[in-house]
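To start, the structure under review is shown below, and the notes come after it.
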Amino acid sequence: NNNNNNNNNNNNNNEWPLDLRYSNDKGRYVICTRDLKAGEVIMRSKAYAATVCDDFYTKICAWCFKQAEINQTFEICCPICCEVFYCSEQCKIESEKNHHPQFGLECCTLKNIIGLRFQFVTDDLSDMRVILRTLVKFAKDSQNNNSNNSNSNSNNSNNNIENNNNNNNN
32 NNNNNNNNNN NNNNEWPLDL RYSNDKGRYV ICTRDLKAGE VIMRSKAYAA TVCDDFYTKI
92 CAWCFKQAEI NQTFEICCPI CCEVFYCSEQ CKIESEKNHH PQFGLECCTL KNIIGLRFQF
152 VTDDLSDMRV ILRTLVKFAK DSQNNNSNNS NSNSNNSNNN IENNNNNNNN
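If you're matching positions, the sequence shown starts at 32 in our numbering and goes up one per residue.
Below, the structure written as structure tokens:
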């Protein structure tokens with residue numbers, strides 16, 4: 032009997048430890064359904080979009096998220112908006128290729144936000160940064176999906192033409 036109880040306890044520890052709930056007064060919320068061990072990973076997810084909090088935008092690389100040394104800031108920034116900073120030229124290049132091209136949506140929008148910096152609470156600017164990064168990522172993903180679909184459709188059209196030509200030759 033003791034062995035069965037131990038097996039049941041082990042099985043319970045392997046179950047998903049979170050439960051999504053809803054109440055009229057709280058809305059949606061998550062509760063833990065069992066005790067967790069210190070350091071236990073309960074969920075891992077890749078971020079769809081990430082950006083640096085406005086309080087630290089000169090101290091954390093906008094590409095690799097490396098932190099500058101204490102009391103230091105990074106000096107490499109986007110030459111257009113000066114709102115994203117990098118730890119290296121390589122990170123700047125990767126960022127420009129992936130989500131922050133010069134004169135792109137993110138760059139131009141951040142450049143316009145500079146003048147408004149003191150009219151907002153820092154959290155508002157950080158929220159704007161992450162919303163903007165999410166929109167840029169979504170637009171890029173949509174563009175990539177559309178071009179992949181176009182390539183797929185043109186390949187299918189080419190295959191159909193080739194098949195028709197082969198049928199006509201037979």
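Positions of the beta carbon are idealized from the N, C-alpha and C atoms, including for glycine.
Could you tell me which of L166, I107, C112, E137 sits nearest to I124, measuring between CA atoms? Locating residue 124 in the sequence shown gives position 93, where the first residue counts as 1. It is I107.
Please report the straight-line C-alpha distance between R164 and E127, rounded to a whole angstrom. Here residue 164 refers to the residue found at position 133 when the sequence shown is read from its first residue. Here residue 127 refers to the residue found at position 96 when the sequence shown is read from its first residue. Rounded to whole angstroms, R164 and E127 show a C-alpha spacing of 13 Å.
What is the DSSP secondary structure of G146, counted as helix, strand or coil? Numbered from 1 along the sequence shown, position 115 holds the residue referred to as residue 146. If DSSP states are grouped into helix, strand and coil, G146 belongs with the helices.
Taking I62 as part of the alpha helix (DSSP H), name the residues at either end of that continuous run. Taking the sequence shown and counting its residues from 1, one reaches residue 62 at position 31. No alpha helix (DSSP H) holds I62; the beta strand (DSSP E) holding it covers 58–63.
Output needed for C63: all residues of its chain with C-beta closer than 7 Å, excluding positions within five of it in sequence on either side, in chain order. As a first step, residue 63 is located in the sequence shown; it is residue number 32 there, counting from the start. Cβ within range, chain order: P48, L49.
Can you tell me where the beta strand (DSSP E) holding S54 begins and where it ends? Numbered from 1 along the sequence shown, position 23 holds the residue referred to as residue 54. Run containing S54: 49–54, per the beta strand (DSSP E) assignment.
Look at C95 and C122 and say whether their C-beta atoms are less than 7 Å apart. Residue numbering aside, residue 95 sits at position 64 when the sequence shown is read from its first letter. Residue numbering aside, residue 122 sits at position 91 when the sequence shown is read from its first letter. Yes, the Cβ-Cβ distance between C95 and C122 is below 7 Å.
Residues sharing a beta bridge with I91, DSSP: Here residue 91 refers to the residue found at position 60 of the sequence shown. BP columns for I91 point to Q98.
Drop a sphere of 10 angstroms on the beta-carbon of N194, count the other beta-carbons inside from all chains shown, and report buried for 16 or more, exposed for fewer. Mapped onto the sequence shown, residue 194 falls at position 163. Its pLDDT being 46, under 50, N194 is placed unreliably by the model, and nothing is read from it.
E127: first and last residue of the uninterrupted alpha helix (DSSP H) it sits in: One-based indexing of the sequence shown puts residue 127 at position 96. Here the alpha helix (DSSP H) through E127 covers 120–129.
Using a Cβ-Cβ cut-off of 8 Å (strictly less than) and excluding sequence neighbours within five positions of L136, which residues of its own chain qualify? Position 105 of the sequence shown, counting from 1, holds the residue named residue 136. Hits under 8 Å: L163, L166, V167, A170.
Using only CA atoms, which one of A81, T89, N177, I111 lies nearest to Q103? In the sequence shown, counting from the first residue as 1, residue 103 sits at position 72. Minimum Cα distance to Q103 is reached at T89.
Can the beta-carbon of Y117 be found closer than 7 Å to that of C138? As a working mapping, residue 117 is identified with position 86 in the sequence shown. As a working mapping, residue 138 is identified with position 107 in the sequence shown. Result no, Cβ atoms of Y117 and C138 do not sit closer than 7 Å.
Please determine, among L51, M159, V61, E114, the residue with the shortest C-alpha to C-alpha distance to P132. Within the sequence shown, numbered from 1, the residue matching residue 132 stands at position 101. Looking at the Cα atoms, E114 is the closest of the given residues.
With DSSP as the reference, label V108 as helix, strand or coil. Position 77 of the sequence shown, counted from the start, is the residue given in the question as residue 108. Sequence check: residue 108 is Cys here, not Val. Note: C108 maps to strand in three-state DSSP.
Here's the rule: buried if 16 or more other CB atoms are within 10 angstroms of the residue's CB, otherwise exposed. What is F149? Within the sequence shown, numbered from 1, the residue matching residue 149 stands at position 118. F149 is exposed by the Cβ-count criterion.
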